[in-house]
Amino acid sequence: MISDILINIIRFFLLIFLQVLVLDQLEISGPVNGYFNAYLYILFILMLPVNVNKLFLLFLSFITGLTIDLFTGTPGMHAAASLVIAFLRPSFLHVIAPREGYESTVRLTMQGMGGSTFLVYAGVMTFVHHLCLLLIEAFNFLNFFDLLLRVLTCSVFTMVLIVMSQILSQRSKGGAES
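For reference, each letter of the sequence shown is one residue, going 25 to 202 in the numbering used here.
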């Protein structure tokens, strides 16, 4: 129990650190500027335990998004998008759960859920997060197809990083057990 809390605290700070000091500092200039932004910090929300209290999940998601907002100067955009995926997460997990449901000990990782189920879960949540975030940023539908392209490219870029992080963490745990 205490080790799970400690792991989540470390994961929170590590993902915030990576987002603010690495990913937010990457700038691709030219016509593709804004199409390849990764928001890896949402992995913290996605990997919280299945049995976490819904209000606590919303609170942690709000704090996560607000922390990113404070560092990036985006007033409430990340907090709002994080709250949306936290609100939808329990229902979506219920929809994709096996017939007998998830045990409270299952880890929401590629290894714990299975690769394809995790990819569906993380992919949908990532797309919803990015759609909300970029809609709030644009605040209009004038360039809808451009907005949709940005959502898709940013989602794919984020998913690549999520999968890479899952593979690396799986290898590091596998190497430690051998």
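Glycine included, each C-beta is placed from N, C-alpha and C at the ideal position.
Distance check for residue j and residue i, CA to CA, integer angstroms please.
i: L157; j: A105; result: 5 Å
i: L192; j: L185; result: 10 Å
i: A62; j: L84; result: 20 Å
i: E201; j: Q135; result: Note that E201 scores 45 on pLDDT, short of 50, meaning its location in the model is unreliable; the coordinates nonetheless yield the value given after this. Taking the straight line from one Cα to the other gives about 15 Å.
i: Y59; j: T177; result: 6 Å
i: H102; j: G89; result: 5 Å
i: R195; j: L30; result: 20 Å
i: L173; j: S27; result: 40 Å
Please classify residue i: is it buried, with 16 or more other beta-carbons within 10 angstroms of its beta-carbon, or exposed?
i: R207; result: This structure does not reach residue 207, given that the chain is present from 25 up to 202, and the question cannot be answered.
i: V46; result: exposed
i: S179; result: buried
i: T91; result: buried
i: H118; result: exposed
Does the distance from the C-beta atom of residue i to that of residue j stay below 8 Å?
i: F36; j: F68; result: yes
i: V175; j: F95; result: no
i: L70; j: L143; result: no
i: G147; j: M183; result: yes
i: T141; j: I120; result: yes
i: V152; j: L107; result: no
i: L50; j: L64; result: no
Report the CB separation of residue i from residue j in whole angstroms; it is logged as a contact under 8 Å.
i: L81; j: N32; result: Between N32 and L81 the Cβ distance is about 12 Å, and since that is not below 8 Å, they are no contact.
Please specify which runs of the beta strand (DSSP E), each continuous and at least 3 residues long, are wholly inside the segment 94-135, giving them in chain order. If we require 3 residues or more, the segment 94-135 turns out to have no beta strand (DSSP E) run fully inside it.
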